[in-house]
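What follows is one structure encoded as structure tokens, with my remarks underneath.
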Amino acid sequence: MTSQAPLHPDEDPAFEWAPAGLHLKFDHRDDRPVRLVRLATAPEAPSATAPSAIVDVVTAGGAHYADNDQGLLYSSAGQRLRYEGHESDETELRIRQRTPEFGIEVLSVFRVAGPGLQIRHTVRNAADRSVVLLSVSSALVAVPADGAHDLLWAESEWRAEGRWRQRPLSELLPDTDPAMHGGQHPRGRFSLTSHGSWSTGSFLPTGVLAAETVPSLAWQVETSAGWHWEVAQTGSTASVGVYGATDRHHQFAARLAPGEAFTSVPAGLCVADGGRDAAFAALTGYRRAIREVRPVDARLPLVYNDYMNTLMGEPSTEKLLPLIESAAEAGAEYFCIDAGWYAVPGSAWWVSTGEWLEAPDRFTGGLSSAIDAIRAGGMRPGLWLEPEAVGTESPIAKRLPEEAFFRRLGERVTVAGNLQLDLRHPAARAHLDETVDRLVEEFGLEFFKLDYNRNIGAGTEVDADAPGAGLLGHTRAYRDWLLGVQARHPGVLFENCGSGALRMDYHMLSVAHLQSTSDQEDFRKYAPIAAAAPASVLPEQAGNWAYPAASMTLEETAFAMTAGVMGRLYLSGFLHELSAEQSALVREAVALHKDWRHRIAGSHPVWPLGLPGWGDEVIALELDTGSESLLALWSRGEAAEVALPGLRGRDLKQAYPVALPEWTIRADGETPVVEVPSGPAARIFTVQR
160 MTSQAPLHPD EDPAFEWAPA GLHLKFDHRD DRPVRLVRLA TAPEAPSATA PSAIVDVVTA
220 GGAHYADNDQ GLLYSSAGQR LRYEGHESDE TELRIRQRTP EFGIEVLSVF RVAGPGLQIR
280 HTVRNAADRS VVLLSVSSAL VAVPADGAHD LLWAESEWRA EGRWRQRPLS ELLPDTDPAM
340 HGGQHPRGRF SLTSHGSWST GSFLPTGVLA AETVPSLAWQ VETSAGWHWE VAQTGSTASV
400 GVYGATDRHH QFAARLAPGE AFTSVPAGLC VADGGRDAAF AALTGYRRAI REVRPVDARL
460 PLVYNDYMNT LMGEPSTEKL LPLIESAAEA GAEYFCIDAG WYAVPGSAWW VSTGEWLEAP
520 DRFTGGLSSA IDAIRAGGMR PGLWLEPEAV GTESPIAKRL PEEAFFRRLG ERVTVAGNLQ
580 LDLRHPAARA HLDETVDRLV EEFGLEFFKL DYNRNIGAGT EVDADAPGAG LLGHTRAYRD
640 WLLGVQARHP GVLFENCGSG ALRMDYHMLS VAHLQSTSDQ EDFRKYAPIA AAAPASVLPE
700 QAGNWAYPAA SMTLEETAFA MTAGVMGRLY LSGFLHELSA EQSALVREAV ALHKDWRHRI
760 AGSHPVWPLG LPGWGDEVIA LELDTGSESL LALWSRGEAA EVALPGLRGR DLKQAYPVAL
820 PEWTIRADGE TPVVEVPSGP AARIFTVQR
């Protein structure tokens with residue numbers, strides 16, 4: 160790396176960094192913290208940012224500068240940071256700052272990842288007494304408050320994930336005429352905050368400032384613990400603060416002894432020359448760059464899972480055999496036996512889970528008989544597992560020490576009959592290592608669906624200065640545990656699931672292979688979830704359930720299968736009960752997905768009709784590979800004519816289903832107009848440039 164010492168007063172107090180595809184400029188005057196004054200896609204491109212400090216730190220006893228401030232910006236410690244030096248190479252920039260008054264040093268690391276930056280900050284106690292951190296920003300950035308930007312954010316909940324909103328930033332942060340009030344900054348802000356241990360249970364940790372006339376910005380927080388981001392009007396700028404767990408929002412605190420350090424959760428930051436879809440395209444490229452893709456997942460295999468609208472947690476040999484045969488005939492490459500394989504039929508099994516042993520009376524011939532049938536069908540076997548959960552009546556609850564579980568106020572944390580393992584404790588980790596190693600050895604498993612069905616709350620006070628710090632430590636240990644399991648079993652795939660998609664973040668998705676996008680059982684309501692999913696998760700990781708049923712019409716069957724094709728097809732349903740015509744539609748969708756899956760893994764999402772609303776009657780998603788795209792249209796209402804101006808001059812051809820009537824496409828000038836029939840109905844088109 161090249162390095163630079165502090166500059167003399169007569170030298171330009173700025174430095175630039177221009178890795179491939181980006182250009183950044185920093186100001187480091189003696190009387191203020193280091194500021195990012197320029198972020199652009201090229202040296203000659205316009206900047207997306209206004210000057211802003213690069214990091215903020217709140218310490219116990221460190222007051223904010225802003226009077227009665229409701230946000231986290233402008234802490235005393237953060238404002239007193241001063242430049243100490245920097246070093247850089249083609250992929251990483253490291254900036255050092257220090258504030259002797261507060262006894263802390265901060266190392267800020269900007270790492271290039273595809274078209275974006277991954278940012279983290281390490282705070283070290285340089286004093287001779289302890290320092291208590293209450294929050295450390297993961298990323299700070301500002302844009303001119305000129306009315307050019309729309310803010311995009313997403314609400315989420317069980318079975319209604321990824322409901323995106325878009326509004327002008329000027330509406331969310333109204334002009335209160337600061338000049339008339341002595342120049343005081345407004346105290347309002349727009350903010351999103353996670354709640355408890357479901358990182359995406361209420362909101363998604365992603366935001367976009369989209370603009371057509373100036374560059375757009377996109378960000379994401381990469382943690383499975385607490386997170387918060389906020390946008391505040393600060394004079395002539397709008398400042399974005401991106402945080403992990405904080406004292407104010409998540410009961411977080413970290414006490415650092417002299418010499419000890421704390422590193423913030425990572426944040427991803429992307430700049431794009433274009434509007435909403437350009438910002439999400441950059442974020443898609445960034446997510447691919449931070450993933451640890453293993454050879455076993457590079458094949459993007461198609462998984463059948465017996466849960467959704469099928470066995471629903473009650474598997475048996477007799478129920479599984481026809482599913483295994485029909486899944487193989489449909490083209491599945493893996494077969495996952497979902498929840499219930501460990502449960503005595505009719506028992507209150509949620510309170511007894513944790514040993515992960517085969518239920519003695521559930522499978523005729525034992526679980527191995529079903530596993531053997533999966534292999535005989537040419538598929539690879541998998542099992543459902545909820546590794547962090549232990550039932551209150553499980554032998555594991557008595558076998559492991561108290562410190563191996565989340566505890567608060569002197570008691571184990573209990574939610575709906577479940578305890579929470581703390582993967583920081585060696586006994587908890589050893590238990591899960593033994594579980595996975597045993598199941599792989601005994602049954603030859605090649606797939607695990609890792610679920611997480613309980614929001615355990617703020618965290619644990621065991622070996623932590625505050626519950627939020629305990630939760631953060633556990634989630635970091637859980638990711639490390641998963642990396643260790645993958646190193647021991649490189650041929651095994653791991654799905655990330657959290658009651659559907661309630662823990663869908665890139666702390667986990669950077670190392671997991673597949674993400675369940677919902678537990679939604681109504682195929683009509685799955686359409687907006689599947690269409691919005693690529694805004695939150697890579698298309699090749701977006702496990703969209705496709706669960707055809709014998710009760711569906713042929714149009715409804717094609718509608719249900721379309722969601723799966725437009726992501727990572729996750730097959731379910733009583734396939735052996737389908738009619739011949741329905742089965743043909745399933746096989747056709749599987750074949751189309753297999754033909755496109757590696758191109759999907761290089762695509763970026765486009766929404767020709769905008770990000771879908773929960774009640775929209777017509778929904779569109781395009782997966783753009785450059786020269787060719789895959790376009791899905793879902794109809795959930797009355798017949799309509801739908802213009803697609805974003806596809807001007809391009810050739811649309813119906814690719815699925817070929818056995819059902821083609822939708823009429825006419826041209827209005829060069830703009831394609833599709834005659835969409837009443838729904839539910841769906842079609843997939845190839846789009847040629």
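In this text, residue positions in the sequence shown follow our numbering: the first is 160, and each later residue adds one. Glycine included, every Cβ here is placed at the ideal spot set by N, Cα and C.
Fill in: tryptophan 508, DSSP secondary structure in three states
For this step, residue 508 is matched to residue 349 along the sequence shown. Three-state DSSP puts tryptophan 508 in a helix.
Discussion item. Between which residues of its own chain and phenylalanine 174 is the CB-CB distance below 6 Å, once the five residues before and five after are set aside?
Written reply: The residue you call residue 174 lines up with position 15 of the sequence shown. Once the five neighbours on either side are set aside, the close Cβ partners of phenylalanine 174 are Phe185.
Worksheet item: Looking at the structure shown, is proline 327 part of a helix, part of a strand, or coil, going by DSSP?
Response: In the sequence shown, the residue the question calls residue 327 occupies position 168. Note: proline 327 maps to strand in three-state DSSP.
Worksheet entry | arginine 868, DSSP secondary structure in three states | The question about residue 868 has no answer, for the chain in this structure spans 160 to 848.
Worksheet item: Three or more C-beta pairs closer than 8 Å, one from the stretch 364 to 383 and one from the stretch 591 to 609: is that the case here?
Response: No contact exists between the stretch 364 to 383 and the stretch 591 to 609.
Fill in: Residue interval of the alpha helix (DSSP H) (run including tyrosine 501)
Here residue 501 is taken as the residue at index 342 of the sequence shown, counted from 1. Premise fails: tyrosine 501 is in no alpha helix (DSSP H) and is neither H nor E.
Worksheet item: Per DSSP, isoleucine 254 is paired with what?
Response: Stepping through the sequence shown from its first residue, residue 254 is reached at position 95. Paired residues: His245, Ser267.
Discussion item. Between Gly433, Ala689, Arg288, which has its C-alpha nearest glutamate 680's C-alpha?
Written reply: Within the sequence shown, residue 680 is the residue found at index 521, counting from 1. Ranked by Cα distance from glutamate 680, the first of Gly433, Ala689, Arg288 is Ala689.
Worksheet item: Using CA coordinates, which residue listed in Gly347, Gln847, Met538 is at the minimum distance from glutamine 813?
Response: As a first step, residue 813 must be located in the sequence shown, where it is residue number 654. The option with the nearest alpha carbon to glutamine 813 is Gln847.
Worksheet item: How would you call methionine 471, buried or exposed, if buried means at least 16 neighbouring beta carbons within 10 angstroms?
Response: Along the sequence shown, one-based indexing puts residue 471 at 312. Under a 10 Å Cβ-count criterion, methionine 471 is classified as exposed, with fewer than 16 other Cβ atoms of the shown protein chains found around its own Cβ.
Fill in: C-alpha distance - alanine 532 paired with leucine 480, whole-angstrom precision
In the sequence shown, the residue the question calls residue 532 occupies position 373. In the sequence shown, the residue the question calls residue 480 occupies position 321. Going by the C-alpha atoms only, they are around 7 Å apart.
Discussion item. For threonine 258, which residues in the same chain have their Cβ closer than 7 Å to its Cβ, ignoring the five residues on either side in sequence?
Written reply: Residue 258 sits at position 99 when you count from the first residue of the sequence shown. Once the five neighbours on either side are set aside, the close Cβ partners of threonine 258 are Ala236, Arg239, Leu240, Arg241.
Worksheet item: threonine 372 to alanine 298, Cα distance in whole Å?
Response: The residue given as residue 372 occupies position 213 in the sequence shown. The residue given as residue 298 occupies position 139 in the sequence shown. Each residue's Cα considered, the two are about 24 Å apart.
Worksheet item: Excluding the five sequence neighbours on either side, which residues of its own chain have a C-beta within less than 6 Å of the C-beta of glycine 306, listed in chain order?
Response: The residue labelled residue 306 in the question sits at position 147 within the sequence shown. Excluding sequence neighbours, glycine 306 sits near Ser329.
Worksheet item: What is the DSSP secondary structure of phenylalanine 185, counted as helix, strand or coil?
Response: The count along the sequence shown starts at 1 and reaches residue 185 at position 26. Taken through DSSP and simplified to helix, strand or coil, phenylalanine 185 comes out as strand.
Item to complete: Assign valine 300 to buried or exposed, taking buried as 16 or more other Cβ atoms, counted over all protein chains shown, within 10 Å of its Cβ.
Response: As a working mapping, residue 300 is identified with position 141 in the sequence shown. Buried is the call here.
Fill in: CB contact flag (leucine 544, leucine 631, <8 Å)
As a first step, residue 544 must be located in the sequence shown, where it is residue number 385. As a first step, residue 631 must be located in the sequence shown, where it is residue number 472. In this structure, leucine 631 does not lie closer than 8 Å to leucine 544 by Cβ.
Discussion item. Can you tell me whether glutamine 325 is buried or exposed? The criterion is at least 16 other CB atoms within 10 Å of its CB, across all chains shown.
Written reply: Mapped onto the sequence shown, residue 325 falls at position 166. Counting Cβ neighbours within 10 Å, glutamine 325 comes out exposed, since fewer than 16 surround it.
Worksheet entry | Spatial neighbours of serine 361 in its chain, beta-carbon cut-off 6 Å, leaving aside the 5 residues before and after | The residue you call residue 361 lines up with position 202 of the sequence shown. Cβ neighbours of serine 361 beyond the five flanking positions: His354.
Worksheet item: Whose CA, out of Gly273, Gly366, Glu251, lies closest to the CA of serine 267?
Response: Taking the first residue of the sequence shown as position 1, residue 267 is located at position 108. When the alpha-carbon of serine 267 is set against those of Gly273, Gly366, Glu251, the nearest one is in Glu251.
Worksheet entry | Three-state secondary structure (DSSP) of threonine 393 | Counted from its first residue, the sequence shown places residue 393 at position 234. Threonine 393 falls in the strand class under three-state DSSP.
Worksheet item: CB isoleucine 843 to CB leucine 751, shorter than 8 Å?
Response: Locating residue 843 in the sequence shown gives position 684, where the first residue counts as 1. Locating residue 751 in the sequence shown gives position 592, where the first residue counts as 1. Yes. Within cutoff.
Discussion item. Going by DSSP, what residue range makes up the beta strand (DSSP E) through alanine 548?
Written reply: Within the sequence shown, numbered from 1, the residue matching residue 548 stands at position 389. In this chain, the beta strand (DSSP E) harbouring alanine 548 covers 548 to 550.
Worksheet entry | Assigned secondary structure, proline 554 (DSSP; H/G/I helix, E/B strand, else coil) | For this step, residue 554 is matched to residue 395 along the sequence shown. The answer is helix: DSSP assigns proline 554 an H, G or I state.
Item to complete: Under 6 Å Cβ to Cβ from threonine 845, same chain only, skipping five residues before and after it: list those, please.
Response: Numbered from 1 along the sequence shown, position 686 holds the residue referred to as residue 845. Take threonine 845, set aside five residues on each side of it, and the residues of its chain with a beta-carbon closer than 6 Å to its own are Lys812, Ala814, in chain order.
Discussion item. Does valine 923 come out as helix, strand or coil in the three-state DSSP assignment?
Written reply: The structure shown does not extend to residue 923, since the chain is modelled only from 160 to 848, so the question has no answer here.
Practice prompt. Select from Gly244, Thr218, Glu381 the residue whose C-alpha is nearest the C-alpha of glycine 295.
Written response: As a position in the sequence shown, residue 295 is number 136, starting the count at 1. The sequence as given places valine at residue 295; glycine does not occur at that position. Comparing Cα-Cα distances from valine 295 to each of Gly244, Thr218, Glu381, the minimum goes to Thr218.
Worksheet item: Hey, would you say the C-beta of proline 460 is under 7 Å away from at least one heavy atom of the ligand NAD?
Response: You won't find the ligand NAD in this model; it holds no ligand whatsoever.
Fill in: Other residues of its chain near glycine 525: CB distance less than 8 Å, five sequence neighbours each side excluded
Residue mapping note: residue 525 aligns to position 366 of the sequence shown, counting from 1. Cβ neighbours of glycine 525 beyond the five flanking positions: Glu517.
Fill in: alanine 694 versus Trp704, Glu320, His245, residue with shortest Cα-Cα distance
Indexing the sequence shown from 1 puts residue 694 at position 535. Closest by alpha carbon: Glu320.
Practice prompt. Reducing DSSP to helix, strand and coil, say where tryptophan 826 ends up.
Written response: For the purposes of this step, residue 826 is identified with residue 667 of the sequence shown, where counting begins at 1. Note that residue 826 is alanine in the sequence shown, not tryptophan. Strand, per DSSP.
Worksheet item: Taking the continuous alpha helix (DSSP H) assigned at tyrosine 611, which residues delimit it?
Response: What you label residue 611 is simply residue 452 of the sequence shown in a count that begins at 1. Counting along the chain, tyrosine 611 falls outside any alpha helix (DSSP H), and DSSP gives it neither H nor E.
Practice prompt. Would you mind reading off the limits of the beta strand (DSSP E) that contains arginine 283?
Written response: Indexing the sequence shown from 1 puts residue 283 at position 124. Run containing arginine 283: 275 to 284, per the beta strand (DSSP E) assignment.
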